[in-house]
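Novice:
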Amino acid sequence: MTHASFGSLGSQSADGYEASTVRPYAVTGGRVRSALSDLPLEALVEVMPGAVNSVGLTPEKRAILQHAAHTYVSIAELSALLRLPLGVVRILVADMQEEGHITVHTSTPVNVHTGHGSSHSGLSLSVLESVLNGISAL
Numbered sequence: 862m863t864h865a866s867f868g869s870l871g872s873q874s875a876d877g878y879e880a881s882t883v884r885p886y887a888v889t890g891g892r893v894r895s896a897l898s899d900l901p902l903e904a905l906v907e908v909m910p911g912a913v914n915s916v917g918l919t920p921e922k923r924a925i926l927q928h929a930a931h932t933y934v935s936i937a938e939l940s941a942l943l944r945l946p947l948g949v950v951r952i953l954v955a956d957m958q959e960e961g962h963i964t965v966h967t968s969t970p971v972n973v974h975t976g977h978g979s980s981h982s983g984l985s986l987s988v989l990e991s992v993l994n995g996i997s998a999l
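Using my numbering, the first residue of the sequence shown is number 862, and each one after it goes up by one.
1) Would you grab the beta carbon distance between L926 and T967 for me? Rounded to a whole angstrom, and I think it's under 8 Å.
2) On the three-pair Cβ rule with 8 Å, is the region 957-964 touching the region 934-948?
3) Determine the contact status of E960 and S935, defining contact as a CB-CB distance below 7 Å.
4) For K922, which residues in the same chain have their Cβ closer than 7 Å to its Cβ, ignoring the five residues on either side in sequence?
5) For V908, which residues in the same chain have their Cβ closer than 6 Å to its Cβ, ignoring the five residues on either side in sequence?
6) What did DSSP end up calling L947 once you bin it into helix, strand or coil?
7) Rounded to a whole number of angstroms, what is the C-alpha to C-alpha distance between P946 and V888?
8) Just grab the DSSP bridge partners of I963 for me.
9) Buried or exposed: A998, going by 16 or more other Cβ atoms within 10 Å of its Cβ?
10) Can you grab the Cα-Cα spacing for the pair P920 / V913, in whole Å?
11) Between T932, N994 and G948, which has its C-alpha nearest V906's C-alpha?
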């Protein structure tokens, strides 16, 4: 694997890609996980108002803010745009979410409790029946 696939910092190479001078483990401070780093590939990143003007951010975090400033961008897209491994981008995004610079939108399925199986919280069968009856009455 070449240095070009490890980041967006460094000098320009002959093929038009920038060669990285920073290793991925240095970008994350040696961490391979964070509390929220299990974000799905399709999770969408939204920049919070005023975050683009934040100071003291690393070049990688500034690049994430720039790419997501005008539209939602998935974590997989950010990984490709920044030429950083997916795990590194997940950690950076999780850090930025904790710092309040971005919001991450995931497609979490709704848990419906029907009285069968485990007793996780969710919609009860009576609520679903009430909704169905209300819709039928229309």
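Here a beta-carbon is modelled for each residue, glycine too, at the ideal position from N, C-alpha and C.
Specialist: Quick answer:
1) Not really, about 19 Å apart at Cβ, beyond 8 Å.
2) no
3) no
4) L953 and M957
5) Contacts found: L926, A929, A930 and I963.
6) helix
7) 11 Å
8) V908
9) exposed
10) 12 Å
11) Among T932, N994 and G948, the Cα nearest to that of V906 belongs to T932.
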